[in-house]
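What follows is a short report on a single structure.
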Amino acid sequence: MEIITMTYYSIELKILQNLRKSNIIHRSKSNSGLWLGLLIGTCALITFMKEDSSYSEICLLTGLTGLGLIMSCICLIFQLYIDTSSKDFQLLYFLPASLTSMLYLLWANKDLLVSVIWGLGVGTLSTWGVLQLMTYLPGCFTLGECIVVMHGVILFLLSSGANLSLRYHLPPLHDDDIATTILQVGILYIGLLSLFCVSYPKLRSAKLFYSITFGLLILVVIPVLHILLDQSPLLWMLFFVFGNFRKIFLIMYWTVCLLIGIIIITHQILSESSASTIERKTFHILAVLVYIPGLIWEPTLLYLASGIVMILFMMFELMRLINLPPLNKVLKLGFSAFVDEKDSFISLTPLYLHVGLSFPLWMPSSNIDLLPLISGVTVLGIGDSAASFIGSKYGKHKWPETSKTVEGTIACILSQLLFIYGLAIIGVIPSGWVLVKSTLAIIAVSIIEARTNQVDNLALPLLLYIFLIT
Numbered sequence: 001m002e003i004i005t006m007t008y009y010s011i012e013l014k015i016l017q018n019l020r021k022s023n024i025i026h027r028s029k030s031n032s033g034l035w036l037g038l039l040i041g042t043c044a045l046i047t048f049m050k051e052d053s054s055y056s057e058i059c060l061l062t063g064l065t066g067l068g069l070i071m072s073c074i075c076l077i078f079q080l081y082i083d084t085s086s087k088d089f090q091l092l093y094f095l096p097a098s099l100t101s102m103l104y105l106l107w108a109n110k111d112l113l114v115s116v117i118w119g120l121g122v123g124t125l126s127t128w129g130v131l132q133l134m135t136y137l138p139g140c141f142t143l144g145e146c147i148v149v150m151h152g153v154i155l156f157l158l159s160s161g162a163n164l165s166l167r168y169h170l171p172p173l174h175d176d177d178i179a180t181t182i183l184q185v186g187i188l189y190i191g192l193l194s195l196f197c198v199s200y201p202k203l204r205s206a207k208l209f210y211s212i213t214f215g216l217l218i219l220v221v222i223p224v225l226h227i228l229l230d231q232s233p234l235l236w237m238l239f240f241v242f243g244n245f246r247k248i249f250l251i252m253y254w255t256v257c258l259l260i261g262i263i264i265i266t267h268q269i270l271s272e273s274s275a276s277t278i279e280r281k282t283f284h285i286l287a288v289l290v291y292i293p294g295l296i297w298e299p300t301l302l303y304l305a306s307g308i309v310m311i312l313f314m315m316f317e318l319m320r321l322i323n324l325p326p327l328n329k330v331l332k333l334g335f336s337a338f339v340d341e342k343d344s345f346i347s348l349t350p351l352y353l354h355v356g357l358s359f360p361l362w363m364p365s366s367n368i369d370l371l372p373l374i375s376g377v378t379v380l381g382i383g384d385s386a387a388s389f390i391g392s393k394y395g396k397h398k399w400p401e402t403s404k405t406v407e408g409t410i411a412c413i414l415s416q417l418l419f420i421y422g423l424a425i426i427g428v429i430p431s432g433w434v435l436v437k438s439t440l441a442i443i444a445v446s447i448i449e450a451r452t453n454q455v456d457n458l459a460l461p462l463l464l465y466i467f468l469i470t
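Next up, the structure:
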């Protein structure tokens, strides 16, 4: 075991040196987080493998892409280890692209041209694209975090392309498929709008920005959704959200939680002080209050709401970065009050938190049990919050080479176990072997939380999801 550890740290040190020689700025005070790079691909592959024989085409493509992402990660790490010029496109990057193309061609039965284009896209973005992202956003990521972000973007783009092309010929019938189409178009719209604002500074003026934003929304986005859905997206959302009393009650309940969050942010801004770690964890607790009722009673409604919140987060962050009135001052004050030490000029922490809580809902599977679905809520909303509170208040014994405490880790483990066992007692999740597996997974992930300096909101939910779904 010691030999493996020493080898890993040797590889990591060489990669960090080569990144510096390539003028790629790594997030400070953190190691490379190489192990993170395999998580998204593993999540996608295992999710597909857990499906029964009736899996969808999107699920198959996601699983094959996950395998391609794992190969890409290994090739990227190898290239970074042996060469300092890895930022330039390298011949080795064609290997995962070629293998992924073959998977699409032979297993998914895609046309040759489609397979080659998709394979090249996956192989290029997951290797060369990672280094370009770190170049354009210096100091925002560790290598592992950047790989996770880019792999997530790749999965979204591929699933969106496959789903939207299908919906053009075959409008969706089920509520979750309709919600998926609406969210994919919405996120693509905000993503393209962000790229245009970055590429063309003239678009950052308030008058032009709002004219283009609302013009495209009314003249392009809504008509496109109408064609894809074969019905009005606005009317569908209205009837779906207010379709029964339980949904109405949940919407009212979530509105109260939203108001509480706004009050907390307003109070922190008015106090003119930076939020402490414990104060930031109040949003983790609010997330538990929001997600658990939704996952148990109305998962499709929560799925739709989580996607809409993601769109709003992206829009607000864009408005903050380009200093767009009328919310620019409030957004900047909120960023200053709640900025995390791991944030740079982009506020990634709330985005990571939202993705960590929501990504099990976003996986293209119909057979995921409740336990993996609540992996993010369990480890971030319950465990991480308890660790921060107990560790900062009562922690006396620190782990070696870290500021985290043994008392905080124990609180992290016990709080998650109480939560999971409580759900089992009331019959929400099964008992027996499931609880044994959950206990071992929670202990392992909590120890990793204590020892890693990667972003918890990104790493821990992915790890726990993998452990719980296998």
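Per full-length UniProt numbering, the very first residue in the sequence shown carries number 1; after that it's consecutive. Don't be surprised by glycine CBs; every beta carbon is placed ideally from N, CA and C. The model shown is predicted, which means the values in this text are computed figures rather than measured ones.
- Distance from the CA atom of Met6 to the CA atom of Leu13, rounded to whole angstroms, is 11 Å.
- Here Thr277 is near Ser388, since their CB atoms are less than 8 Å apart.
- The beta-carbon distance between Asp384 and Asp340, rounded to whole angstroms, is 13 Å. This is too long to meet the 8 Å contact definition.
- With respect to Thr142, Arg280 sits apart: the two C-beta atoms are not nearer than 8 Å.
- 8 Å or more divides the Cβ of Pro96 from the Cβ of Gly129.
- Taken in chain order, the unbroken stretches of alpha helix (DSSP H) that lie wholly in the stretch 115-179 and span 4 residues or more are 128-136, 143-169.
- C-alpha of Ala108 to C-alpha of Leu60: approximately 7 Å in a straight line.
- Rounded to whole angstroms, the Cβ separation of Val185 and Val221 is 6 Å, and the two are in contact under 8 Å.
- The beta carbon of Ser232 lies closer than 7 Å to those of His226 in the same chain, with the five residues before and after it left out.
- Taking the Cβ atoms as the reference, Tyr465 lies roughly 5 Å from Pro372, within the contact range of under 8 Å.
- Under the DSSP assignment, Arg280 falls in the alpha helix (DSSP H) whose first and last residues are 277-280.
- Following the DSSP letters along the chain, one finds Trp35 in no alpha helix (DSSP H), marked with neither H nor E.
- Ranked by Cα distance from Met237, the first of Thr300, Leu195, Gly215, Val198 is Thr300.
- In this model, Tyr136 and Val116 are separated by some 27 Å (Cα to Cα).
- A distance of 8 Å or more separates the beta carbons of Ser160 and Met314.
- Here Glu407 has Ile390, Gly391, Tyr394, Gly395, Lys396, His397 as same chain residues with Cβ atoms under 7 Å from its own Cβ, once five neighbours each way along the sequence are excluded.
- Judged by DSSP secondary structure, Ile448 falls within the alpha helix (DSSP H) whose first and last residues are 433-451.
- Annotation: Asn367 to Leu295 spans about 14 Å, alpha carbon to alpha carbon.
- Counting C-beta pairs closer than 8 Å gives fewer than three between the stretch 18-26 and the stretch 434-443, which falls short of the contact rule.
- Distance from the Cα of Val434 is smallest, within the candidate group Ala287, Met102, Leu333, Leu417, for Leu417.
- Close CB contacts of Leu351 within its chain, under the 7 Å cut and outside five residues either way in sequence, are with Phe313 (chain order).
- As the crow flies, the alpha-carbon of Leu91 is around 20 Å from that of Met134.
- Relative to Cys73, the option among Leu36, Leu106, Asp83 whose CA is nearest is Leu36.
- Here the alpha carbon of Met102 sits roughly 21 Å from the alpha carbon of Val153.
- As computed with DSSP, Lys50 is found in no beta bridge at all.
- The beta-carbon separation of Leu229 and Pro172, rounded to 7 Å, stays under the 8 Å limit for a contact.
- Rounded to whole angstroms, Ile15 and Leu458 show a C-alpha spacing of 22 Å.
- Within 10 angstroms of the beta-carbon of Asp177 lie 16 or more other beta-carbons, which makes it buried.
- By the Cβ neighbour-count rule, His151 is buried, with 16 or more other Cβ atoms within 10 Å of its own.
- When Phe467, Gln454, Leu327 are compared, the shortest CA-CA separation from Gly33 is found for Gln454.
- The criterion of a C-beta distance shorter than 8 Å is not satisfied by Gly144 and Ser344.
- By the C-beta density criterion, Trp297 is exposed, having fewer than 16 other C-beta atoms within 10 angstroms.
- Leu105 sits away from Leu99, with the two beta carbons spaced by 8 Å or more.
- DSSP places Thr62 inside the alpha helix (DSSP H), whose first and last residues are 57-82.
- In this chain, the alpha helix (DSSP H) harbouring Asp456 covers 456-469.
- Where Met319 is concerned, the enclosing alpha helix (DSSP H) starts and stops at 299-321.
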